[in-house]
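Novice: If you're matching them up, the sequences are chains G and S in order. Note that our numbering has the first sequence beginning at -2, numbered continuously upward. Note that our numbering has the second sequence beginning at -2, numbered continuously upward.
There are 2 protein chains.
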Amino acid sequence: MADFLTIFNKLSELTKSAEDDLHYCLQNKSVNKGDYLLRRREVCKKLYFIEEGLTKTFFSNEEKEFIMQFFAEHALFTVVDSFVSQTPSTYEIMALENTTVTYITWKDLQILCKKHHCIEAAFSKLLSIATINMMKRISEMLEESATERYNHFLDDNGKLLQRISLGDLSNYLGITQGSLSRIRANK
Amino acid sequence: MADFLTIFNKLSELTKSAEDDLHYCLQNKSVNKGDYLLRRREVCKKLYFIEEGLTKTFFSNEEKEFIMQFFAEHALFTVVDSFVSQTPSTYEIMALENTTVTYITWKDLQILCKKHHCIEAAFSKLLSIATINMMKRISEMLEESATERYNHFLDDNGKLLQRISLGDLSNYLGITQGSLSRIRANK
DNA sequence: AGTAAGTTTTATCAATTGTAAAAAACATGA
DNA sequence: TCATGTTTTTTACAATTGATAAAACTTACT
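(1) Should S:S79 be listed as close to the ligand ADP, given that the test is whether its C-beta is under 7 Å from any heavy atom?
(2) What residues in its chain sit with their C-beta under 8 Å from that of G:D105, if we drop five residues either side in the sequence?
(3) Apart from the five residues just before and just after G:I90, which ones in its own chain have a Cβ nearer than 6 Å to its Cβ?
(4) Quick check on G:Y147: does DSSP put it in helix, strand or coil?
(5) Roughly how many angstroms lie between the CA atoms of G:S125 and S:L123, to the nearest whole one?
(6) In terms of residue numbering, what span does the beta strand (DSSP E) encompassing G:K43 cover?
(7) Using the beta-carbon of each residue, which ones in chain G are nearer than 7 Å to S:A127?
(8) Below 7 Å CB to CB, which residues in the same chain sit around S:I47 once its five sequence neighbours on both sides are set aside?
(9) Kindly identify the DSSP beta-bridge partner or partners of G:M65.
(10) Between S:M132 and G:V77, is the Cβ-Cβ spacing less than 8 Å?
(11) Is the region 155 to 172 of chain G touching the region 159 to 169 of chain S in the sense that three or more CB pairs, one from each, lie closer than 8 Å?
(12) Below 8 Å between beta carbons: does that hold for G:H113 and G:D18?
(13) Measuring CB to CB, does G:N148 end up less than 8 Å from G:F63?
(14) What is the residue span of the beta strand (DSSP E) that S:K156 lies within?
(15) Using a Cβ-Cβ distance under 8 Å, would S:I90 count as near chain G?
(16) With burial defined as no fewer than 16 other Cβ atoms inside 10 Å of the residue's Cβ, what is the status of G:L44: buried or exposed?
(17) Strictly below 8 Å CB to CB, what residues from chain S border G:I146?
(18) Just to confirm, are G:A92 and G:V40 a CB contact at a threshold of 8 Å?
(19) Under the DSSP definition of a beta bridge, which residues are partnered with G:V28?
(20) Between the beta-carbon of G:R37 and the beta-carbon of G:T87, is there less than 8 Å?
(21) Under DSSP, the beta strand (DSSP E) around G:L35 begins and ends at which residues?
(22) Tell me which residues share the same chain as S:E137 and place their Cβ nearer than 7 Å to its Cβ, disregarding the 5 neighbours each side in the sequence.
(23) Which residues in the same chain as S:E94 place their Cβ atom closer than 6 Å to its Cβ, once the five residues preceding and following it in sequence are excluded?
(24) Would you tell me roughly how many angstroms separate the C-alpha atoms of G:G171 and S:Q24, rounded to the nearest one?
(25) Which residues share a DSSP beta bridge with G:F1?
(26) Check the Cβ of G:V81 against every Cβ in chain S and list those closer than 7 Å, keeping chain order.
(27) Look up S:T173 in the DSSP assignment and say whether it is helix, strand or coil.
(28) Which same chain residues end up closer than 7 Å to S:A143 when comparing Cβ atoms and leaving out the 5 residues on each side of it in sequence?
(29) Give the secondary structure of G:V40 by DSSP, where H, G and I count as helix, E and B as strand, and everything else as coil.
(30) Against chain S, with Cβ distances strictly below 8 Å, would G:L73 count as a contact?
(31) Could you name the residues of the same chain whose beta carbon sits closer than 8 Å to that of S:L139, not counting the 5 residues immediately before and after it, in chain order?
(32) Based on DSSP bridge pairs, tell me the residues matched to G:L73.
(33) Could you spell out the range, first to last residue, of the alpha helix (DSSP H) harbouring S:H114?
(34) Could you tell me which residues DSSP puts in a beta bridge with G:T102?
(35) Would a check of beta-carbon distances place G:N154 closer than 8 Å to chain S?
(36) Here's the rule: buried if 16 or more other CB atoms are within 10 angstroms of the residue's CB, otherwise exposed. What is G:T128?
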């Protein structure tokens, strides 16, 4: 709970009053491994902070699943398009471990943004970070081979490797599980 | 010039006073085909609106070039990471046609954001749209084959096809020019 | 230990994409 | 029109990745 405020404070310095109001709006939730924080076609009403655990944000077609992002402890995230426009989501969020989150609802955040400029600034900053992360991902997908993307993932998220199934990792990298196994074998 | 304001107004309704201030800050520039609006390692100091023409935002390594986005007339854009943090850019912007832009500098935008909440809101909205676009692109790269991505590009940007070289298009799709030619031939 | 369920690896073959170089088509200016 | 430079297509071959299914390995539970 305190950490949510810490992270928000890093995005944009909060006034004491804003921090108090924000603190007051925060809620907690625990879900088990395999549970969903958001289902397809639901409106994403929450901005999440992970206290503990691990989630994946993904979408799927009839045959396959595609993973946009993993979020582990201390990550602050939401499904941007559904959240900002309060429209049904094409993405889902599932807990990959027993997970505890702190969250603020869209409604509450709206109110706080109106009231406290520093909170609005923090959220705006979060959006710009999201864009930058997405651009980085696209760059890697354009420039790197599957092997390079795998190694890059290890460099950036080495610690997560033990916690993510290789099936999920392959769905994140955009290759089949067979291909990922081949890549891992060639070492 | 008027169009820049129109687009900004669509992002967030501007007060008369904000609109006047914004109008006052806008500047124009024309560049020839092949000219750069931004070079690598430069700080991107401008938020651009294309009055007329076409640009590509890209990066390159020793051998190849990779295109993040094309922007044609009435597009409002910048290089997000360099612009928001005012740090050197890894991306470059080049005009693919003789191009006229209207722009506002980061400095002026900063000032206006402080002064007019509606302008800050508009820029924030622009960031959220950028994130959403990037997520859409990643989704397509994960889910679709090169052939599907090409067809998808035609559906979304059919009119641009005549204006973009196939070399550039292949660098956008993340395939070689040879592959793209093959895809186009199979019809 | 033994079983069942889930995960990861391996193997085979097919399809896609990359590489490199040549040929063809197109555009431009002398 | 010719000549030149650029862009696009084509080709043959190599490398990578996909699809599928079976085998090996883990894990959790009884």
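Glycine residues also receive a C-beta, built at the ideal position from the N, C-alpha and C atoms. Keep in mind the model is a prediction, meaning the values are calculated, not measured.
Specialist: According to the structure data:
(1) Summarising the ligand content, the structure contains no ligands, and the ligand ADP is consequently not present.
(2) C22
(3) L34, L35, T52, T54
(4) helix
(5) 10 Å
(6) 43 to 49
(7) T128
(8) F68, A69, E70, H71, A72, T96, V98
(9) In DSSP, G:M65 forms no bridge with anything.
(10) yes
(11) no
(12) Going by beta carbons, G:H113 and G:D18 fall inside the 8 Å limit.
(13) no
(14) According to the DSSP assignment, S:K156 belongs to no beta strand (DSSP E), since it is labelled neither H nor E.
(15) no
(16) Classification for G:L44: buried.
(17) Here residue 146 of chain G is Arg; the residue named in the question, Ile, does not match the sequence. What G:R146 touches in chain S: nothing, since even the nearest Cβ is about 11 Å away.
(18) no
(19) G:T96
(20) yes
(21) 33 to 35
(22) R146, H149
(23) K30, G50, L51
(24) In this structure, the CA atom of G:G171 is about 43 Å from the CA atom of S:Q24.
(25) Its beta-bridge partners do not exist; DSSP assigns none.
(26) S125
(27) coil
(28) For S:A143, where only same-chain residues beyond five positions count, the Cβ hits under 7 Å are L170, I172, S176, I180.
(29) strand
(30) In terms of beta-carbon proximity, G:L73 stays away from the interface with chain S, with every pair separated by 8 Å or more.
(31) none
(32) Answer is G:F46, bridged to G:L73.
(33) Following the DSSP letters along the chain, one finds S:H114 inside the alpha helix (DSSP H) bounded by residues 114 to 140.
(34) G:K43
(35) At a cut-off of 8 Å, the C-beta of G:N154 has no neighbouring C-beta in chain S.
(36) buried
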